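Residue numbers (my numbering): 846 to 1013.
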């Protein structure tokens, strides 16, 4: 990532360094997380999985994961427009299928547990769109991205350097 605007006249703010390279200091945890991530994505549409990861990362303010999963979504064929609208999906429902909306709603409910539960109506909408095996994978994918977000935010992993297809 360059440190000047597109005209080359104004410098951007300085890039903040990461607090720590946690994967370097906890390699077995990192390897287990990668394996869990791969297992959680099995059977899910790759574009849907990236939308879920982007939405959770927006809610958790994980800049590193937003960078990574936006790039991976684009590489998987997702549109820029749908990625941008994801932050305001409730007002942009017409950009998404009912299945995607159910996944996004479930992602929000699982990610933001401030009410202490996942509402029955949110779970039921997801259960109508996904069979039990796929719903189980979706819940796992949501849980895994939330774990990755916690590593990314806590360690202030620096966004902007990720290349599509590269993993954490």
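Yeah, the Cβ is synthetic: ideal placement off N, Cα and C, and Gly gets one too. If you're wondering where the values come from, they're calculated on a predicted model, not measured in any experiment.
Out of the options, which one is the CA nearest neighbour of residue i?
i	options	result
residue 946	957, 965 and 970	970
residue 941	927, 866, 897 and 951	927
residue 990	872, 854, 856 and 901	901
residue 891	916, 958 and 961	916
residue 966	951, 895 and 931	951
residue 887	994, 1006, 996 and 985	985
What first and last residue would you give for the alpha helix (DSSP H) that runs through residue i?
i	result
residue 913	908-920
residue 989	977-999
residue 967	965-974
residue 902	891-905
For residue i and residue j, what's the separation of their Cα atoms in angstroms?
i	j	result
residue 919	residue 909	16 Å
With a 10 Å radius around its C-beta and 16 neighbouring C-beta atoms as the bar for buried, classify residue i as buried or exposed.
i	result
residue 925	exposed
residue 847	In this prediction, residue 847 scores a pLDDT of 48, lower than 50, which makes its location untrustworthy; the coordinate-derived value is nonetheless stated afterwards. When all chains shown are included, residue 847 counts as exposed.
residue 859	exposed
residue 912	buried
Going by the C-beta, is residue i closer than 7 Å to any heavy atom of the ligand HEM?
i	result
residue 878	You won't find the ligand HEM in this model; it holds no ligand whatsoever.
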